[in-house]
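First up is the structure itself, then whatever we jot down about it.
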Amino acid sequence: MSTVSTRAPAPDRPSPPEPPATRRRRREQQWPAYVFLTPWMLGAAVLTLVPMAVSLYLSFTDYNLFDPPHWVGLRNYTEMLTEDPRFWRSVGTTLLYVVIAVPLKLGLALGAAMLLRNLGRGRAFYRSAFYAPSLLGASMSIALVWRALFNDGGTVSEVLGSIGINTGSWVGDPDLAVYVVVLLTVWQFGAPMVIFLAGLQQISPELYEAAALDGAGRWRQFVSVTVPMLSPVVFFNLVLEMIQSFQVFTPAFAVSGGEGGPADSTMFYTLYLYERGFTASHMGYAAAMAWLLLIAIGVITLILFRTSRSWVFYADEEGR
Amino acid sequence: MNLTTRRWMPHTIAVVGLLVLLYPLAWLLGTSLKPADEVVTSLDLWPSHLEWSNYTTALDGVSGVPVTRLLWNSLLIAGGAVVGNVVSCSLAAYAFARLRFRMRKVMFAFMVATLMLPHHVVLIPQYIIFNRLGMVDTYWPLILPKFLATEAFFVFLIVQFMRNLPRELEESARIDGCGAFRTYWSITLPLSRPSLITTAIFTFIWTWNDFFTQLIYLFAPEKFTITLALRSFVDQSSISAYGPMFAMSVISVLPIVLFFFVFQRYLVQGMATSGLKG
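What follows is the structure, given as structure tokens:
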């Protein structure tokens, strides 16, 4: 549930060539910067860069944490891609989840933001109230509540049953279990909603006035003013939610009791990675899965950035 | 649609949405107070009489470790994480926002790139490191990384905030002979307080909610956090123990709810502005 700037950080201003004396002073001034950066540099090296390299190495080995790693070349990858149906099942489940949950969550977030913008009095109250689930949703407690609500005799199946739709337990149904996690994610639409609302409030009212003068109705204003002006925020939320969704763990763990069941239907990618690495002690295999995840997220992010040129509109680039 | 409908429609939708949204929370509270025989048989949100014994059962905790101890453990980890993140992220952010040094652009780009890095890529080697250091089943793997500014999101958040601060005060401080450290400590840091508070609150809530890292690193029941204990509570109990289980759930989300009510201004604004400031 993190947020990052929609725009790239302001680039450094190009500095004119400096006289030698200033340059010397600059060089002397460098050491405090490194003192400030010491914790970060240590962390970046010891807890990020080196581990990335090590996990890449481990992905080509057989490793169980106790015996020294044993080089197996590409075997982890070939096994994963050609001989492991559970791996593909986890990929399928995770993709299904991402493709359904992310658009639903963002759509609801945008709808709620538009609603709140027009609300006037009470807006601050509703904004806070709608946002609250985003803080609680990642907790084990709430995941357990969802499991109970969607279980046999839980509110959802009872209410649906009373209007003639007999679903039984969603949690126990391989076709439905994944949607319990989807709905838990969608429930947390408040975080992107807050960002959308802030974006909506930055759109100049003059644009709407001009559109209305030109005879644009509400729908036309939405399509021609709101959508383009908000597209950078949509893009930012999309990338962010996508990256997070691929890594969903706690709700999948809670809904399935840590097993990924029934019939592996909630065996999300990260849950399978955890099972391979930490339950079955195939650390090499898990490392290979982690690197594939990194590559997949990288490729999808890249594709999103590429396509963004055709649908994301940056007002300050106009006429460039 | 006449004018009155148009006026009331948004409010009606908002109220209905709110009720649907808050239903699971009301259900949680209601179930935590239900007698065992009502949990499965009755769909009523509220129990016929309040079964406070659910809470006394929950307070006994899990595997002989009382809830107070579990809460204390969670608090210790979350508190350590807050201190670590605020200190290390603000130090790094000050360097990125205000100081010039070689490799600055490269390092900054790297920091931003790690925002997108899935944690799983570094997970196993980190586990190996902490295992070698004999730190598995201690709180160090959960707290130490925070002192090394590994959560790039907060570094970035504070950098963005510091960049928008007026430079005049810092410049006059430097003219008065303040070095980088004095300037950071007595000018920039106090001015950056809103971003530091946002960092502290989000760190607390995310660490409190965290499950995965704790699941991997903690094994001894007396070191369990409230989240881990809740999970083993589920494993041990049948549906008849729903009441005590959800009583424990209520206890475990209480600090977050409290934080939300006290700091909602910072939470909502921090979320809104960090997403937009360029």
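Line order of the protein sequences matches chains W and G.
This note's numbering runs 145 ahead of the 1-based position in the first sequence.
This note's numbering runs 1487 ahead of the 1-based position in the second sequence.
The C-beta atom is built at its ideal place from N, Cα and C for all residues, glycine as well.
Remember, it's a predicted structure, so these values are computed and weren't measured experimentally.
Asked, Found
"Measuring only from the beta carbon, is Thr-238 (chain W) closer than 7 Å to any heavy atom that is part of the ligand NAP?", "With respect to small molecules bound, the structure shown includes none, and the ligand NAP cannot be examined in it."
"Specify the secondary structure class of Val-1526 (chain G) as computed by DSSP and reduced to three states.", "helix"
"Which first and last residues belong to the alpha helix (DSSP H) in which Leu-255 (chain W) is found?", "230-262"
"Compare the C-beta of Gly-422 (chain W) against all C-beta atoms of chain G and say whether one is closer than 8 Å.", "yes"
"Within 10 angstroms of the Cβ of Arg-451 (chain W), are there 16 or more other Cβ atoms? Answer buried if so, exposed if not.", "exposed"
"Can you tell me whether Thr-148 (chain W) is buried or exposed, with buried defined as 16 or more other CB within 10 angstroms of its CB?", "The pLDDT assigned to Thr-148 (chain W) is 41, lower than 50, so where the model puts this residue is not dependable; a value taken from the coordinates is nonetheless given after this. Burial call: buried."
"Is Thr-1714 (chain G) close to chain W? Criterion is C-beta to C-beta, closer than 8 Å.", "yes"
"Kindly indicate which residue of G:Tyr-1614, G:Phe-1691, G:Thr-1685 has the alpha-carbon position closest to the one of Phe-211 (chain W).", "G:Tyr-1614"
"Mind checking if Ala-1501 (chain G) is an interface residue toward chain B, Cβ cutoff 8 Å exclusive?", "Among the chains of the structure shown, chain B does not appear; the protein chains present are W and G."
"For Thr-206 (chain W), which beta-bridge partners are listed by DSSP?", "W:Trp-216"
"Report back the beta-carbon spacing between Ala-277 (chain W) and Gly-335 (chain W) to the nearest angstrom; my notes put them in contact at under 8 Å.", "7 Å"
"Need the endpoints of the alpha helix (DSSP H) that Phe-437 (chain W) sits in, please.", "A quick correction: the sequence has Leu, not Phe, at residue 437 (chain W). Per DSSP, Leu-437 (chain W) belongs to the alpha helix (DSSP H) from 428-456."
"By the 9 Å beta-carbon criterion, what residues does the stretch 1647-1661 of chain G contribute toward chain W?", "Gln-1647, Arg-1650"
"According to DSSP, is Val-316 (chain W) part of a helix, a strand, or is it coil?", "coil"
"Counting Cβ pairs closer than 8 Å, one from the stretch 308-327 of chain W and one from the stretch 394-407 of chain W, do we hit at least three?", "yes"
"Could you tell me whether any Cβ in chain G is nearer than 8 Å to the Cβ of Ser-150 (chain W)?", "Confidence in Ser-150 (chain W) is poor, its pLDDT being 41 and thus under 50, which makes the residue's placement too unreliable to answer from."
"Give the DSSP-derived three-state secondary structure of Val-393 (chain W) in the structure shown.", "coil"
"Round the Cβ separation of Pro-466 (chain W) and Leu-1578 (chain G) to the nearest angstrom and send it over; I've been treating them as touching at under 8 Å.", "For chain W, the structure presents residues 146 to 465; residue 466 (chain W) sits outside this window and is missing."
"Suppose contacts are defined by Cβ-Cβ distances below 8 Å. Is Asn-1618 (chain G) in contact with Thr-1712 (chain G) by that definition?", "no"
"Per DSSP, which one or two residues make a beta bridge with Val-1552 (chain G)?", "G:Val-1549"
"Please check the pair Leu-255 (chain W) and Phe-341 (chain W), which I expect to be a contact at CB under 8 Å, by giving their CB distance rounded to whole angstroms.", "5 Å"
"Give the straight-line distance between the Cα atoms of Tyr-353 (chain W) and Val-378 (chain W), rounded to the nearest whole angstrom.", "19 Å"
"What is the residue span of the alpha helix (DSSP H) that Phe-1588 (chain G) lies within?", "Element bounds for Phe-1588 (chain G): n/a, residue is neither H nor E."
"Helix, strand or coil for Trp-1539 (chain G) per DSSP?", "coil"
"Along the chain, where does the alpha helix (DSSP H) containing Pro-1653 (chain G) start, and where does it finish?", "First-last for Pro-1653 (chain G): undefined, no H or E at that position."
"Anything in the stretch 253-277 of chain W with a Cβ closer than 8 Å to a Cβ of chain G? List those residues in chain order, please.", "Ala-257, Leu-260, Leu-261, Asn-263, Leu-264, Gly-267, Tyr-271, Arg-272, Ser-273, Ala-274, Phe-275, Tyr-276, Ala-277"
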